[in-house]
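Residue numbering for the sequence shown follows the working numbering, starting at 353 and increasing by one per position. Where a beta carbon is used, it is the ideal one built from N, C-alpha and C, also for glycine. Keep in mind the model is a prediction, meaning the values are calculated, not measured.
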Amino acid sequence: MSEPARRRWEYATIPLLIHNTKAILDSWGTDGWELVTVLPGPGGSEQPVAYLKRPIG
353 MSEPARRRWE YATIPLLIHN TKAILDSWGT DGWELVTVLP GPGGSEQPVA YLKRPIG
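As structure tokens, then:
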């Protein structure tokens, strides 16, 4: 039996602008990126960072 194919992922982190969050995420989603989580950035909760992933290939 052969080993099942493993899915490979690429990842991105992007800063989010509070007043434009939906447009930013929609733009990345159109390119195939899936939102994994949003966490406070280095500047605190006023500067959130989105973590995204998409399959390679």
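Mapping the DSSP letters down to three states, classify residue i as helix, strand or coil.
i, result
"G393", "strand"
"I366", "strand"
Less than 8 Å between the C-beta atoms of residue i and residue j, yes or no?
i, j, result
"A364", "L404", "yes"
"E386", "R360", "no"
With distances taken Cα to Cα, identify the nearest neighbour of residue i among the options.
i, options, result
"P367", "I408, P400, G409, P407", "P400"
"I370", "S397, I408, G409", "S397"
"V390", "D383, T373, S379, T382", "T373"
From the DSSP secondary-structure annotation, give me the bridge partner or partners of residue i.
i, result
"W361", "P407"
"A375", "Note: A375 sits in no beta bridge, so no partner."
"V388", "Answer is none; V388 lacks a bridge partner."
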